[in-house]
Every structure is written in structure tokens, then in C-alpha cells.
Amino acid sequence: MSVWQAIILAIVEGLTEFLPVSSTGHMIIASSLMGINELPITKIFEVNIQFGTILSVVVLYWRRFLQSFEFYKKLLIAFIPAVVFGLAFKDIVDAMLESVMVTAVMLVLGGIVLLFVDKWFRNSKDEHITYKNAVVIGLFQCIAMIPGVSRSAASIIGGLSQGVDRKTAAEFSFFLAVPTMLAAAAYKFVEDLLKLEISDVIKLDMDKIQNSFAAIHPEDIKLLLIGNVVGFIVAMLAIRFFIDFLTKYGFKVFGYYRIALGVVLLTLLAMGFELTV
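Numbering (this note's numbering), first residue to last: 199 to 475.
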């Protein structure tokens with residue numbers, strides 16, 4: 199992977215991670231078009247540049263992260279379902295993550311849902327997240343373990359279903375992304391890049407940990423650093439855009455876009471293109 203390819207992927211990740219359009223689908227198309235979809239570093243890169251996008255949320259909303267301990271309790275409550283379901287269905291989720299067909303179909307189905315979300319939840323106007331809301335949003339977020347669903351869309355719809363208004367639901371989705379994506383990225387960093395067992399990290403087996411870090415190629419670190427910086431900047435801009443756009447226009451445009459993207463993926467698969475997640 200070249201530096202320019204890393205920058206392009208980081209831009210795609212930063213633009214799509216917090217929008218209800220599925221970053222997975224976009225990364226499949228971007229990496230496939232550049233011919234790097236089967237490189238081992240590509241999968242590692244796609245997961246670990248999420249550290250930069252996570253940081254963008256913390257920087258943009260740093261005051262919210264300092265407001266109260268109750269804020270963190272709600273995030274923890276919403277985060278727990280992802281941990282439980284992620285561990286319980288890890289093998290099934292991993293299998294689905296290998297299927298571009300699943301991603302494409304879920305893009306289309308999710309897009310159809312977004313066409314009607316504004317009509318279904320037109321009376322959602324509550325600006326406060328309760329503990330019950332947090333539980334439901336956390337459960338909805340688990341649906342996004344199916345590739346192509348979009349973590350952002352699932353958690354926002356979870357909030358809307360509880361009467362929470364668009365802006366509040368979207369912002370809580372961003373906040374919930376911090377522990378969720380951080381846990382997923384850290385897990386993949388240890389498992390894929392360091393090639394360690396989680397048990398080795400928990401036991402602080404320093405010999406194995408040091409040997410793993412020593413085996414990392416300097417060029418890989420350079421690409422990850424560039425990707426995280428670019429992803430951070432682009433994600434900040436995307437979040438600002440999304441909040442304003444969602445408040446004014448709703449979800450329908452994103453629905454049409456998802457359907458179009460899903461159809462593109464299905465068409466490429468039908469034409470025999472080799473696409474990998």
C-alpha cells in the first residue's frame with residue numbers, strides 16, 4: 199500500500215464512519231478499485247485508522263465528556279450489549295464480515311429503511327437520553343455487527359424509536375462510537391497487527407508483547423500514522439456536516455445513496471469482480 203492509497207482510504211473512512219451509509223461498503227469499493235483489497239496490511243489499516251476518527255469525536259465534544267459521571271454510566275450501559283453479543287456471536291460475525299454479498303444486500307435493505315425513518319419517527323423530539331434509552335440504543339447498535347448495516351444508522355434509529363430527537367440521537371451515537379470503536383480497534387490491533395492472544399496482553403506477557411512490537415514493519419507504522427491523522431481531520435468535518443444536514447433534511451437522501459451503493463456492489467459481484475471485505 200502506498201502513502202496515497204493510505205490517504206484515500208483514510209478519507210473514505212473519515213467521511214463514512216459517522217454517516218448512516220456503512221463505511222464497510224465504501225472501504226470494499228475503494229480498496230478493490232485500487233487493487234489493494236487482498237493485501238494483509240489493508241485490513242489492518244482499515245480497522246486501526248479508526249483511532250483517528252474516534253479522537254475526532256472526543257475533540258469536537260470534549261465538554262460533553264467532562265460534564266458528569268452520569269454521562270459515562272449511560273455510555274457504559276449502551277456499550278455493554280455490544281460486548282456481550284460480540285463475544286457470544288464472534289464466529290458468526292466474523293463469517294459475515296467475509297461476505298461482500300451480505301454487505302451489499304444490507305446496504306440496500308438499510309437504505310429502504312432510511313427512506314421511511316423520518317415518517318415513522320416524526321414525533322421524536324426528546325432532547326434527553328435516559329438509562330432506558332441507552333439500553334435500547336445499545337441493543338440497536340448490535341444490529342450493526344452485520345456488515346453493511348451501519349453502526350451510526352442503527353444506533354440513531356434506536357434513539358428515535360425511544361422518542362429522542364434526531365440531533366440528540368446522532369450525537370449520542372457519536373459518543374457511543376468512542377468505547378465501541380476503541381474496543382474493536384484495540385482488539386484488532388492486538389490480534390492482527392501484533393499477532394498476540396488477548397490473554398497474553400491481560401497477563402502482561404512482556405516478552406511476547408515486546409517481540410510483537412519489534413516485528414512491526416516501520417512502513418506499516420508510517421501508513422497507520424498518516425491514516426489516523428487524515429481520518430481525524432476528515433471525520434471532524436463529516437460530523438459537522440452530518441448534524442446540520444440531518445437536522446434540516448432527515449435520512450431519505452442517505453437511503454437513496456445506500457441503495458445505489460448496494461446495487462453497485464451487487465452489479466460488480468454479478469460481473470465477476472473479486473471483492474473482499
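The C-beta atom is built at its ideal place from N, Cα and C for all residues, glycine as well.
Please read these numbers as outputs of a predicted model, since none were measured by experiment.
Nearest-angstrom Cα separation, counted from residue j out to residue i
i: A381; j: I310; result: 30 Å
i: F370; j: K288; result: 25 Å
i: N235; j: T328; result: 42 Å
i: G448; j: N331; result: 21 Å
i: I431; j: F216; result: 13 Å
i: A286; j: K323; result: 35 Å
i: S365; j: K386; result: Note on residue identity: the sequence assigns Lys, not Ser, to residue 365. Taking the straight line joining both Cα atoms gives about 31 Å.
i: F471; j: I226; result: 12 Å
i: S200; j: I278; result: 38 Å
i: M294; j: G308; result: 16 Å
i: F269; j: G233; result: 43 Å
i: T251; j: H224; result: 16 Å
i: M299; j: V210; result: 20 Å
i: F338; j: Y454; result: 22 Å
i: L264; j: N321; result: 30 Å
i: D316; j: L237; result: 40 Å
i: I290; j: K450; result: 31 Å
i: I419; j: S230; result: 22 Å
i: G356; j: M379; result: 18 Å
i: I344; j: F314; result: 21 Å
i: A458; j: A468; result: 15 Å
i: V282; j: I354; result: 20 Å
i: G460; j: V306; result: 5 Å
i: T214; j: Y259; result: 19 Å
i: R349; j: P377; result: 13 Å
i: K446; j: V219; result: 18 Å
i: G425; j: I247; result: 6 Å
i: S297; j: S221; result: 15 Å
i: T240; j: A228; result: 11 Å
i: F452; j: V427; result: 26 Å
i: L358; j: C340; result: 16 Å
i: I441; j: D292; result: 31 Å
i: S266; j: W202; result: 41 Å
i: W318; j: R262; result: 29 Å
Rounded Cβ spacing between residue i and residue j (contact assumed at less than 8 Å)
i: A433; j: G212; result: 4 Å
i: M304; j: G346; result: 3 Å
i: I421; j: A204; result: Ile is not the amino acid found at residue 421; the sequence shown has Leu there. Correct: roughly 5 Å between the Cβ atoms.
i: A342; j: V245; result: The pair is not a contact, with the Cβ atoms about 15 Å apart (cut-off 8 Å).
i: L312; j: R456; result: 6 Å
i: L444; j: A368; result: 6 Å
i: E325; j: D363; result: 6 Å
i: F243; j: L207; result: 6 Å
i: L423; j: A302; result: With a Cβ gap of about 32 Å, L423 and A302 do not count as contacting.
i: V388; j: Q360; result: Incorrect: roughly 35 Å between the Cβ atoms, too far for contact.
For residue i, the residue or residues it bridges with in DSSP
i: D363; result: Beta-bridge pairing links D363 to no other residue.
i: D324; result: V362
Heavy atom of the ligand SAM within 7 Å of residue i beta-carbon
i: E369; result: The ligand content of the structure shown is nil, which means the ligand SAM is not present either.
Decide if the segment 263 to 281 is in contact with the segment 372 to 381; the criterion is three or more beta carbon pairs, one per stretch, under 8 Å apart. Because the criterion of three Cβ pairs below 8 Å is met, the segment 263 to 281 and the segment 372 to 381 touch.
At least 3 beta-carbon pairs within less than 8 Å: the segment 433 to 446 vs the segment 251 to 266: Under the 8 Å Cβ criterion, the segment 433 to 446 counts as touching the segment 251 to 266, having at least three qualifying pairs.
Give the list of continuous alpha helix (DSSP H) stretches no shorter than 4 residues that lie fully inside the segment 435 to 471. Entirely contained in the segment 435 to 471, the alpha helix (DSSP H) runs reaching 4 residues are, in chain order, 450 to 468.
Ordered list of alpha helix (DSSP H) runs contained in the segment 262 to 338, each at least 4 residues: 267 to 286, 288 to 295, 298 to 318
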